[in-house]
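First comes the structure, then the notes that go with it.
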Amino acid sequence: MSEKLEKRHRLIMAWNYEKGEQWMNELSSQGLHFKKGGLISSSFVRDESVRYTYRMDYQTGQSRENGKFQEYLDLYQDAGWEYVSSFGLTWHYFRREWQPGEEPQLYTDRESLIMLYKRLLGVISAMLFVNLFIMILNMVNLNTFFTEGLWTIGIPLMILYLGLFTLLGYGCWKIKKKVNNLKLQV
Numbered sequence: 258m259s260e261k262l263e264k265r266h267r268l269i270m271a272w273n274y275e276k277g278e279q280w281m282n283e284l285s286s287q288g289l290h291f292k293k294g295g296l297i298s299s300s301f302v303r304d305e306s307v308r309y310t311y312r313m314d315y316q317t318g319q320s321r322e323n324g325k326f327q328e329y330l331d332l333y334q335d336a337g338w339e340y341v342s343s344f345g346l347t348w349h350y351f352r353r354e355w356q357p358g359e360e361p362q363l364y365t366d367r368e369s370l371i372m373l374y375k376r377l378l379g380v381i382s383a384m385l386f387v388n389l390f391i392m393i394l395n396m397v398n399l400n401t402f403f404t405e406g407l408w409t410i411g412i413p414l415m416i417l418y419l420g421l422f423t424l425l426g427y428g429c430w431k432i433k434k435k436v437n438n439l440k441l442q443v
């Protein structure tokens, strides 16, 4: 008999992935165990006989074809983590059985955690600048932007871009703040 999957919905931003981990851990304490992630929707399996601690990792370049992905999984398996699934070939989900009073982490040293945040910062910054370039192209291509098209497409488009830039800028700021805080720790 196949497992019955239960869907839960939550948008997890890359700069707050720790909140996603916390959410999965809370659901595990209620007997719902993470099975597969998505952009907004995730699948869980109910089993109240066990509880897990979940962690997420952002890695790129881990291709199944070149064998690096298996090396990556073996590294975490050797450290006691069980691979659960991946989303988008970049976000990887791991778990281990929950132990009272224990807060296991994938990254045990400050330098590795800083590198993780810098990878995230690089991707979010690239998204910000690519979208800025696309916005400029869109504005140039709107021939009637300052005439009759201003209210029909120009203003709504600018509002959308303003929201997107605010969101991505906020993400860059949050990650940069985390990096700076880690660098200050001795």
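Counting the sequence shown from 1 gives a position; this note's numbering is that position plus 257. Glycine is no exception: its CB is placed at the ideal position from the N, C-alpha and C atoms.
Measuring straight from C-alpha to C-alpha, what distance separates Gly277 and Met396?
36 Å
Grab the span of the beta strand (DSSP E) containing Asp314 for me, first residue to last.
Tyr309 to Tyr315
Report buried or exposed for Met258, applying the criterion of at least 16 other Cβ atoms within 10 angstroms of its Cβ.
With a pLDDT of 47 at Met258, under the threshold of 50, the modelled position of that residue is not reliable, and the figure given next carries that caveat. Met258 is exposed by the Cβ-count criterion.
State the CB to CB distance for the pair Glu263 and Arg303, rounded to an integer number of angstroms; the pair is presumed to be in contact (CB under 8 Å).
6 Å
Name, in chain order, the residues that DSSP records as bridge partners for Tyr418.
According to DSSP, Tyr418 bridges with nothing at all.
Tyr243 in three-state terms, based on DSSP:
Because the chain in this structure spans residues 258 to 443, residue 243 falls outside the shown range and cannot be described.
contact_flag[the region 280–300, the region 325–340] where n(CB pairs < 8 Å) is 3 or more:
no
Short of 6 Å in beta carbon distance, which residues of its chain neighbour Gly428, apart from the five on each side in sequence? Order them along the chain.
Trp272 and Ile381
Can you look up Met258 in the DSSP assignment and give me helix, strand or coil?
A caution first: Met258 carries a pLDDT of 47, below 50, which makes its placement in the model unreliable, though a value can still be read off. Of the three classes helix, strand and coil, the one that applies to Met258 here is coil, per DSSP.
Selected residue, minimal CA-CA separation from Thr310, among Ser298, Phe326 and Gln287:
Gln287
Same chain, Cβ closer than 7 Å to Leu439, neighbours up to 5 away in sequence not counted
Arg367, Leu370 and Ile371
Identify which residue in Tyr350, Tyr329 and Lys293 has its Cα closest to the Cα of Tyr274.
Tyr350
Whole angstroms are fine: how far does the CA of Lys293 sit from the CA of Leu389?
32 Å
Quick check on Phe386: buried or exposed, where buried means 16 or more other Cβ atoms within 10 Å of its Cβ?
exposed
DSSP-derived helix/strand/coil call for Glu354
strand
Arg367 lies in the alpha helix (DSSP H); which residues open and close that run?
Arg367 to Asn398
Please return the same chain residues whose Cβ sits closer than 8 Å to the Cβ of Leu421, not counting the five positions on each side in sequence.
Asn388
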